[in-house]
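Written out below as structure tokens is the structure these notes cover.
2 protein chains.
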Amino acid sequence: MAPNSSPFLNGVPELLVLRLLRDREMYGYEIVQAIRGASGETISFAEGVIYPLLHALERDGALTTRRQTINGRSRVYYSVTPAGTGRLQALAEQWQNLNQTIAAILAEPRHA
Amino acid sequence: MAPNSSPFLNGVPELLVLRLLRDREMYGYEIVQAIRGASGETISFAEGVIYPLLHALERDGALTTRRQTINGRSRVYYSVTPAGTGRLQALAEQWQNLNQTIAAILAEPRHA
DNA sequence: TTTTTATACCTATCATCTCTAGGTATGATG
DNA sequence: CATCATACCTAGAGATGATAGGTATAAAAA
Numbered sequence: 001m002a003p004n005s006s007p008f009l010n011g012v013p014e015l016l017v018l019r020l021l022r023d024r025e026m027y028g029y030e031i032v033q034a035i036r037g038a039s040g041e042t043i044s045f046a047e048g049v050i051y052p053l054l055h056a057l058e059r060d061g062a063l064t065t066r067r068q069t070i071n072g073r074s075r076v077y078y079s080v081t082p083a084g085t086g087r088l089q090a091l092a093e094q095w096q097n098l099n100q101t102i103a104a105i106l107a108e109p110r111h112a
Numbered sequence: 001m002a003p004n005s006s007p008f009l010n011g012v013p014e015l016l017v018l019r020l021l022r023d024r025e026m027y028g029y030e031i032v033q034a035i036r037g038a039s040g041e042t043i044s045f046a047e048g049v050i051y052p053l054l055h056a057l058e059r060d061g062a063l064t065t066r067r068q069t070i071n072g073r074s075r076v077y078y079s080v081t082p083a084g085t086g087r088l089q090a091l092a093e094q095w096q097n098l099n100q101t102i103a104a105i106l107a108e109p110r111h112a
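If you read the protein sequences in the order shown, they are chains A and B.
The numbers in full-length UniProt numbering rise by one with no breaks, and the one at position 35 of the first sequence is 35.
The numbers in full-length UniProt numbering rise by one with no breaks, and the one at position 15 of the second sequence is 15.
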């Protein structure tokens, strides 16, 4: 694989959001809790991280929204579009690639 | 583990630099090439990333330096201090922790 | 011989993310 | 009645990488 021409670090919030939404539609507040829960409290992104990210992903056509009012509270449900699915796969591959590379460097007995 | 109270993403350049220097002392230019090489071109940090990082790590007491002139060119060799070793271990653990967590979330058949 | 490439150091500025800290509003709980 | 949980939102700060320069010597190529 060619050297990274574009930033390849970070992107973890985006990766997790897309992954969760792949299973079913969710609303923002729910996603914030779900990441905390699914990671066993290890990972926690505040609403200030997730909401702007959801808006950006919708702008980019990776997500679509549906509004619904429940118990007098308005929720915005997000679903993944085909474009979003592609983006998820790309991000997941990048992550695993980076990860394996780093794991190998860490494990190497002695660097020449 | 408690939720992340401090930033935990990124830090990859620092992790790799400390890891390489754990094996033997190296100079900046050499580190830039070594990361490229050890990662099979997958990861590449320009000098503008590595040099400031080395200076910061030295300021923090994680690295010490030794100057040497070879073939009319001056090199600055960096070595890891005990503090730097501790920092490396902490970073490596954080990385593996984060990584396992994300791997589990990605692999989960269906998030409830 | 002149120019380009490789070596070896460096800094400043930009861009991008994430983080913190707020703000609004409703319903449930104590 | 007050506080907490739910549910949305934005603005501004902070950190980190990315880009783009700049200096200087030696070796290789043109």
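Idealized CB from N, CA, C, for every residue including glycine.
Problem - Candidates A:E58, A:G11 and A:Y27: closest to Y77 (chain A) by CA position - result: Here residue 77 (chain A) corresponds to residue number 77 of the first sequence, with the count starting at 1. If we check each option's Cα against that of Y77 (chain A), A:Y27 comes out closest.
Exercise for the section: Leaving aside the five residues before and after F45 (chain A) along the sequence, list all residues of the same chain whose C-beta is less than 7 Å from its C-beta, in chain order. Expected result: As a first step, residue 45 (chain A) is located in the first sequence; it is residue number 45 there, counting from the start. Here the set comprises P13, V32 and I35.
Exercise for the section: Note down, in chain order, all residues in the region 40 to 74 of chain A with a beta-carbon under 8 Å from any beta-carbon belonging to chain B. Expected result: Those would be G40, E41, T42, I43 and S44, in chain order.
Problem - Option nearest F103 (chain B) by Cα separation, candidates A:I105, A:A104 and A:N99 - result: Position 103 of the second sequence, counted from the start, is the residue given in the question as residue 103 (chain B). Checking the displayed sequence, the identity of residue 103 (chain B) turns out to be Ala instead of Phe. Cα-wise, what sits closest to A103 (chain B) is A:N99.
Exercise for the section: May I ask which residues mark the beginning and end of the alpha helix (DSSP H) holding I43 (chain A)? Expected result: The residue given as residue 43 (chain A) occupies position 43 in the first sequence. Taken as a continuous stretch (DSSP letters only), I43 (chain A) belongs to no alpha helix (DSSP H), as it is neither H nor E.
Exercise for the section: With DSSP as the reference, label R73 (chain A) as helix, strand or coil. Expected result: Position 73 of the first sequence holds residue 73 (chain A). Residue state, collapsed to three classes: strand.
Practice task
Put T81 (chain B) into one of helix, strand or coil per three-state DSSP.
Solution key: Indexing the second sequence from 1 puts residue 81 (chain B) at position 81. Looking at T81 (chain B) - three-state DSSP - the assignment turns out to be coil, as it is neither helix nor strand.
Handout entry: Simplified DSSP state of R24 (chain A), which is helix, strand or coil
Key = Working through the first sequence from its first residue, we reach residue 24 (chain A) at position 24. For R24 (chain A), the three-state secondary structure derived from DSSP is coil.
Exercise for the section: Rank B:L54, B:Q94 and B:T69 by C-alpha distance to the C-alpha of S79 (chain B) and give the top, closest one. Expected result: Here the question's residue 79 (chain B) lines up with position 79 in the second sequence. Ranked by how close their Cα comes to the Cα of S79 (chain B), the residues B:L54, B:Q94 and B:T69 have B:L54 in first place.
Problem - Exposed unless 16 or more other CB atoms sit within 10 angstroms - verdict on I43 (chain B) - result: Here residue 43 (chain B) refers to the residue found at position 43 when the second sequence is read from its first residue. By the C-beta density criterion, I43 (chain B) is buried, having at least 16 other C-beta atoms within 10 angstroms.
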